[in-house]
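Working notes for the structure below.
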Amino acid sequence: MTESERAEVDQLMARLADGDRAVFTDVFHLLWPPIERLCRGLLKNDADAADAAQEALQKVFERAAAYDKSRPAMPWALAIAGWECRTLARKRTRRRETSDENQAEPGTVGDEERLVQRDLVEAALGALGHLPDADREALIATYWDTAAPVTGSTFRKRRERALDRLRSAFRRIYGID
Amino acid sequence: MASTDLPILLRRARWGYEKTRVRGALLGVMPIAAIVLLAACIADHPPLTITVGAAAAFLGAVFLWYGRAPQKAVLPGFTAGLVPLFLVVGVNHLHMCGPDGCTSLCMYACAIGGLAAGLGVSVVSYRRGAGPAFWLSASGIALLTGAIACAGVGYGGVAGLVLGFGAGALSTVAQRRIGRRAS
Chain A
33 MTESERAEVD QLMARLADGD RAVFTDVFHL LWPPIERLCR GLLKNDADAA DAAQEALQKV
93 FERAAAYDKS RPAMPWALAI AGWECRTLAR KRTRRRETSD ENQAEPGTVG DEERLVQRDL
153 VEAALGALGH LPDADREALI ATYWDTAAPV TGSTFRKRRE RALDRLRSAF RRIYGID
Chain B
4 MASTDLPILL RRARWGYEKT RVRGALLGVM PIAAIVLLAA CIADHPPLTI TVGAAAAFLG
64 AVFLWYGRAP QKAVLPGFTA GLVPLFLVVG VNHLHMCGPD GCTSLCMYAC AIGGLAAGLG
124 VSVVSYRRGA GPAFWLSASG IALLTGAIAC AGVGYGGVAG LVLGFGAGAL STVAQRRIGR
184 RAS
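In order, the protein sequence lines correspond to chains A and B. Each step along the first sequence adds one to the number in the working numbering, with nothing skipped, and position 75 is 107. Each step along the second sequence adds one to the number in the working numbering, with nothing skipped, and position 124 is 127.
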């Protein structure tokens, strides 16, 4: 996504937040492809990705009126999508775990800890939206512990650089010195 | 829901968007509803107060749901409308007595409150550089909020409110024009 496209999404999302319904379809068509791509990248399963992407898009529009115009729209939307993917992945895992009686119950994490974890994931995914595609792929591959298109030292270096950029994007977004 | 039917998804997204806006609008008019209930408790004609108040709350909800300039106009309009409302409530039991008998001060309170509301709405509109949609929406809300109390005074009260509001708005416009010419 180019800078001008990002600026266009920001502008249209701001108008939608203001109540300008004329831009609804445009925003929808601009957000759908990246959200769908992110969900495919995160979930590695077309059916689950479609489910999560649709749920995410619905939530993005439900929260559109509360969109903060000072923040970029695409990372915000992708953060919601990322969270939706994670929720769906957890649901699937939980279902598998409950079917297996010998497995330990996963709900040992306290509510507060879960909230903190959720905020961190949301923030990280928000920052993730700022990164170029190569960095994002490297981080997603790291996150899911799967093989990236490149292996060995090249991947490690790419991952390191991506993490550096992610850290700086995180600092920029939340004003951490 | 594995396959993606975009038109259906678009409709669902739109419905979700509108639903959230409606919920926000209903929450947003809660202060108006609270004022209406309070005013109804102390009003001489509660049904009239409730009717005008319901109209104010409904218009406010529609503006908040619609968004854009009307949405931004609800709060300034409501705040401006509180001036005549509180003035009338304040002078409700005061009377000006002379040799010909006593006169209620409510009508004057409506006119003076309307003048202040008209001035307030116009000043805010100018400061924000807002267009006529903002001014009209804010005026509508201000007049209806003021009328919650002034309607109880009778036609005279409402007329006083409207005239006062008009005078306030016109004086701001005139002042701005003169200021512009001078500079």
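C-beta atoms are modelled at their ideal positions from N, C-alpha and C, and glycine is treated no differently. Note that the structure is predicted; figures quoted are calculated from it, not measured.
{"query": "Collapsed DSSP secondary structure at residue 48/B in the structure displayed", "result": "coil"}
{"query": "Stretch pair the stretch 167–179 of chain B + the stretch 64–80 of chain B: three plus CB contacts closer than 8 Å", "result": "no"}
{"query": "Contact check, residue 113/B vs residue 164/B, beta carbons under 7 Å", "result": "yes"}
{"query": "Own chain partners of residue 99/A with C-beta closer than 6 Å, once the 5 adjacent residues on each side are dropped", "result": "45, 49"}
{"query": "Rounded distance between the beta-carbons of residue 88/B and residue 45/B, thought under 8 Å", "result": "Contact flag wrong, Cβ pair sits at about 11 Å."}
{"query": "Residues from the stretch 35–47 of chain A in contact with chain B, defined by Cβ distance under 7 Å", "result": "none"}
{"query": "Proximal chain A residues relative to residue 69/B, where beta-carbon distance stays under 8 Å", "result": "51"}
{"query": "Cβ pair count under 8 Å reaching 3, the stretch 16–31 of chain B against the stretch 124–131 of chain B", "result": "no"}
{"query": "Anticipated Cβ contact below 8 Å, residue 3/B with residue 141/B, distance rounded", "result": "There is simply no residue 3/B to check, as chain B begins at 4 and stops at 186 in what is shown."}
{"query": "DSSP three-state assignment for residue 102/A, whether helix, strand or coil", "result": "coil"}
{"query": "Which of helix, strand or coil DSSP assigns to residue 197/A", "result": "helix"}
{"query": "Residue 143/B beta carbon near the ligand SAH (any heavy atom closer than 6 Å)", "result": "Although the ligand SAH was asked about, the structure shown includes no ligands whatsoever."}
{"query": "Contacts of residue 119/A in chain B (Cβ-Cβ under 9 Å)", "result": "Result: empty, since nearest Cβ-Cβ is about 15 Å, beyond 9 Å."}
{"query": "Distance between beta carbons of residue 120/B and residue 60/B, contact taken as under 8 Å", "result": "Not a contact, Cβ separation roughly 18 Å."}
{"query": "Residue environment, residue 73/B, which counts as buried when at least 16 other CB atoms sit within 10 Å", "result": "buried"}
{"query": "Among 130/A, 79/A, 196/A, the one whose alpha carbon lies nearest that of residue 120/A", "result": "79/A"}
{"query": "Contact set between residue 56/A and chain B, taken where Cβ atoms lie within less than 9 Å", "result": "13, 16, 17, 20"}
{"query": "is_contact[residue 62/A, chain B] using C-beta, thresh 7 Å", "result": "no"}
{"query": "Residue 93/A at chain B interface by Cβ criterion, 7 Å", "result": "yes"}
{"query": "Coarse secondary structure for residue 42/A, derived from DSSP in three states", "result": "helix"}
{"query": "Counted within 10 angstroms of its Cβ, other Cβ atoms place residue 100/B as buried (16 or more) or exposed", "result": "exposed"}
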